[in-house]
Amino acid sequence: MAAGLAPGLPPAVATALVTAWAQLYGLVGFELFGPFNRVVEDRETFFRHAAGQLAKEVGLVPTRR
Numbered sequence: 000m001a002a003g004l005a006p007g008l009p010p011a012v013a014t015a016l017v018t019a020w021a022q023l024y025g026l027v028g029f030e031l032f033g034p035f036n037r038v039v040e041d042r043e044t045f046f047r048h049a050a051g052q053l054a055k056e057v058g059l060v061p062t063r064r
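Sequential numbering of the sequence shown, starting at 0, is according to numbering that gives the first Met the number 0.
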């Protein structure tokens, strides 16, 4: 699939992007539907940290506010 969408993209990069996307999707779902309630006290800080780690793993640099 990656070859059709981004012909020059190395397989390792495609794998990292799909993995990060799946993890981000899970983070958003957990935040929206409540599994983090009563487990993660400061969910905003946790989400920012987790999303930042995912961004670093795929070579993106998160912006600071």
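Don't be surprised by glycine CBs; every beta carbon is placed ideally from N, CA and C.
Pair within 7 angstroms by beta-carbon distance, residue i and residue j
| i | j | result |
| --- | --- | --- |
| V57 | A21 | no |
| L26 | A49 | yes |
Cutoff 8 angstroms; reference residue i; Cβ partners in own chain excluding five residues on either side
| i | result |
| --- | --- |
| E30 | R42 and F46 |
| A5 | A13 |
| Q52 | none |
| V60 | A54 |
Neighbourhood of residue i by C-beta, 6 angstroms cutoff - its chain only, sequence neighbours within 5 removed
| i | result |
| --- | --- |
| E40 | none |
Local Cβ density within 10 Å of residue i, reported as buried at 16 or more and exposed below that
| i | result |
| --- | --- |
| A19 | buried |
Three Cβ pairs or more, each shorter than 8 angstroms: is that satisfied between the region 45 to 56 and the region 17 to 35? Contact between the region 45 to 56 and the region 17 to 35 is present: 3 or more CB-CB pairs across the two stretches fall below 8 angstroms.
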